[in-house]
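To start, the structure under review is shown below, and the notes come after it.
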Amino acid sequence: MYDDITLAEKLNCLKKIIGQYQRILVAFSGGVDSTLLLTVCNQVLPGRVTAVTVKTIAHPEKEIRQAAELAQSLGVRHYTLDATEISRPIFAENPVNRCYFCKRLIFERLQAEARSQDIDAVVDGSHLDDREEERPGIRALRELGIVTPFKQAGLDKNDIRLISKQLGLPTHDKPAQPCLATRFLPGERIDESKLSMVELAEDYLARQGLVNHRVRYRNGEARIETNSEGMAKLLDINTIDALREALLALGFSGICLDLNARQG
Numbered sequence: 001m002y003d004d005i006t007l008a009e010k011l012n013c014l015k016k017i018i019g020q021y022q023r024i025l026v027a028f029s030g031g032v033d034s035t036l037l038l039t040v041c042n043q044v045l046p047g048r049v050t051a052v053t054v055k056t057i058a059h060p061e062k063e064i065r066q067a068a069e070l071a072q073s074l075g076v077r078h079y080t081l082d083a084t085e086i087s088r089p090i091f092a093e094n095p096v097n098r099c100y101f102c103k104r105l106i107f108e109r110l111q112a113e114a115r116s117q118d119i120d121a122v123v124d125g126s127h128l129d130d131r132e133e134e135r136p137g138i139r140a141l142r143e144l145g146i147v148t149p150f151k152q153a154g155l156d157k158n159d160i161r162l163i164s165k166q167l168g169l170p171t172h173d174k175p176a177q178p179c180l181a182t183r184f185l186p187g188e189r190i191d192e193s194k195l196s197m198v199e200l201a202e203d204y205l206a207r208q209g210l211v212n213h214r215v216r217y218r219n220g221e222a223r224i225e226t227n228s229e230g231m232a233k234l235l236d237i238n239t240i241d242a243l244r245e246a247l248l249a250l251g252f253s254g255i256c257l258d259l260n261a262r263q264g
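If you're matching positions, the sequence shown starts at 1 in the working numbering and goes up one per residue.
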């Protein structure tokens with residue numbers, strides 16, 4: 001139904017949706033989606049927007065810090081809500097529906113924050129490409145009645161990137177950054193030590209020039225996923241030994257490269 005609607009019309013619709021509220025709390029990660037949402041909310045409701053970043057054990061400290069810096073640059077009130085302790089049991093068990101439980105926990109906390117400050121809406125940057133059958137956490141948002149303005153306005157990921165670029169936002173081409181828990185198969189116990197191994201391994205690969213990669217934790221081994229360009233860099237004879245040494249030093253028992261190239 002949205003195919004014939006121009007980007008400008010979608011943006012105008014988005015602003016009208018946001019304008020229905022008096023005060024808004026934005027679930028803010030610092031990614032491309034939540035940054036655009038926060039920007040538009042602040043345009044429509046200047047001085048009446050609060051950005052909150054929720055910290056769990058699966059969210060790297062650098063991302064929390066970057067979110068705070070970005071919110072400050074946008075001139076929006078921001079603070080971090082620490083859910084580390086209450087989130088720990090979910091990651092320790094790591095059930096198949098971990099994402100659902102984690103998302104529900106996070107947004108229940110955000111709703112409580114909103115109520116305590118007389119804020120009438122908690123909004124999230126989910127969009128048309130976020131489908132419930134693929135992302136269990138979306139069900140939690142629906143059940144809790146979280147407002148998703150991008151979906152209501154008919155915006156998909158490409159729209160969000162295009163508008164972000166038009167507005168000059170530094171996140172317009174930022175890669176997706178799902179939480180580190182997505183690097184583990186269901187049933188594999190997740191703790192800070194394992195999460196740190198994955199985070200440091202991905203940081204190491206980034207320093208080698210890779211821009212599209214993941215390190216999956218598989219029974220103590222590191223399984224590297226990257227695109228074709230990344231594979232070429234990692235398979236260079238001058239790189240392999242250093243790669244092996246670096247990842248084994250982090251605590252991995254072995255390293256393998258997934259030859260199915262990452263897309264996007």
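Note that CB positions come from ideal geometry on N, CA and C, so glycine has one too. Every value quoted in this text rests on a predicted model; they were computed, and no experiment measured them.
Item: Beta-carbon spacing of Ile5, Pro149 below 8 Å; Value: no
Item: Where the alpha helix (DSSP H) through Gly230 begins and ends; Value: Ser228 to Leu234
Item: Sub-8 Å separation of Leu250 and Ile163 beta-carbons; Value: no
Item: Ser146 (DSSP reduced to helix, strand or coil); Value: A quick correction: the sequence has Ile, not Ser, at residue 146. In the structure shown, Ile146 sits in coil (DSSP, three-state: anything other than H, G, I, E or B).
Item: Validate contact between the region 196-207 and the region 91-105 using beta carbons, cut 8 Å, 3 pairs; Value: no
Item: N-terminal and C-terminal residue of the alpha helix (DSSP H) that Arg109 is part of; Value: Arg98 to Ser116
Item: Thr84, buried or exposed, once every other Cβ within 10 Å from all chains shown has been counted against 16; Value: exposed
Item: Three-pair Cβ contact test at 8 Å for the region 82-97 versus the region 172-192; Value: yes
Item: Cys41, buried or exposed, once every other Cβ within 10 Å from all chains shown has been counted against 16; Value: buried
Item: Leu81 - DSSP class collapsed to helix/strand/coil; Value: strand
Item: Rounded straight-line distance, which links the Cα of Ile240 to that of Glu143; Value: 48 Å
Item: heavy atom of the ligand ADP below 7 Å from Arg262 C-beta; Value: With respect to the ligand ADP, the structure offers nothing, as it holds no ligand at all.
Item: Boundaries (first-last residue) of the beta strand (DSSP E) holding Tyr217; Value: His213 to Arg218
Item: Sequence-distant residues of its chain with Cβ nearer than 6 Å to Val44 (five each side left out); Value: Lys15, Ile18 and Gly19
Item: Three-state secondary structure assigned by DSSP to Met1; Value: Because the pLDDT of Met1 is 42, which lies under 50, any placement of that residue in the model is unreliable, and the number read from its coordinates should be weighed accordingly. The answer is coil: DSSP assigns Met1 none of H, G, I, E or B.
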